[in-house]
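Please read the structure below before turning to the comments.
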Amino acid sequence: SADAYVEMMKSVIVGDTPPENVVMLEIEPEKQTTYIDFVYTNHFLGVKILCLSKVIKEGKQLFYLNEVGAKVRILKIYNRVIFDELVQRTDLERTYNFEDEVEVEWIGHPNWFHRISKYILPIIKTKYNPESLYLEQLKEYPADLENYVLKPIFSFAGAGVRLDITEADLEAIENKENYILQRKVKYESIIPTMDEPAKCEI
Numbered sequence: 566s567a568d569a570y571v572e573m574m575k576s577v578i579v580g581d582t583p584p585e586n587v588v589m590l591e592i593e594p595e596k597q598t599t600y601i602d603f604v605y606t607n608h609f610l611g612v613k614i615l616c617l618s619k620v621i622k623e624g625k626q627l628f629y630l631n632e633v634g635a636k637v638r639i640l641k642i643y644n645r646v647i648f649d650e651l652v653q654r655t656d657l658e659r660t661y662n663f664e665d666e667v668e669v670e671w672i673g674h675p676n677w678f679h680r681i682s683k684y685i686l687p688i689i690k691t692k693y694n695p696e697s698l699y700l701e702q703l704k705e706y707p708a709d710l711e712n713y714v715l716k717p718i719f720s721f722a723g724a725g726v727r728l729d730i731t732e733a734d735l736e737a738i739e740n741k742e743n744y745i746l747q748r749k750v751k752y753e754s755i756i757p758t759m760d761e762p763a764k765c766e767i
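So the sequence shown is residues 566 to 767, counted in the working numbering.
Structure (structure tokens):
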């Protein structure tokens, strides 16, 4: 049930730690396309949604400032920072780097983003996931390319995804090992909104 799901998430992410000492770490979370997910994470779990630039490092301890300006110790980090984005953000001022030795518990190691990424999709063959193919392994392209989408393996928030592709587009790609072709999915318009039903995926 929905309640059981929230309780399971809370037990994994928060556990016995006071929620105010648990942060969901991201880069400028309020600017992310998934910000609504973060709002609900805060609502249901009570954890602080925090930009990496707001982390205060003192020795081996990490802190953040709460709404009244008081310093709060960070004991657990639920990480949402994607390194591809982080290396591009040379403008982001911060006192804490991921390489620093600090006294925090990680809820999910940052490298898991790459381990459980689009890279594994062609390996998983069930009726529950769309057909996916490594671009570099194809001897010939599917005849119905209009039913496929091109995705960079290591990207985030839909960056680099191409919905309408041709053989010429695929031939022009130099680093084919970094792409997959995935059969398009028909999403159902089932979420009631004020006008047209919105599509969703789980």
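Ideal Cβ placement from N, Cα and C applies to all residues, glycine included.
- With respect to Ile718, Lys683 sits close: the two C-beta atoms are nearer than 7 Å.
- With fewer than 16 neighbouring CB atoms inside 10 Å of its own CB, Glu761 falls in the exposed class.
- Within the segment 609 to 650, the runs of beta strand (DSSP E) at least 3 residues long that lie entirely inside it are, in chain order, 613 to 616, 621 to 623, 626 to 630, 636 to 639, 641 to 644.
- Per DSSP, reduced to three states, the secondary structure at Met589 is strand.
- The Cβ atoms of Lys575 and Leu610 sit closer than 7 Å to each other.
- If the five residues before and after Pro594 are omitted, its C-beta is found closer than 7 Å to the C-beta atoms of Tyr600, Phe603, Ile614, Cys616, all from its own chain and listed in chain order.
- A check of alpha carbon separations from Thr731 across Val714, Glu739, Glu742 identifies Val714 as the nearest.
- DSSP places Val714 within a strand segment (E or B) once states are collapsed to three.
- Residue pairing from DSSP places Lys764 in a beta bridge opposite Ser754.
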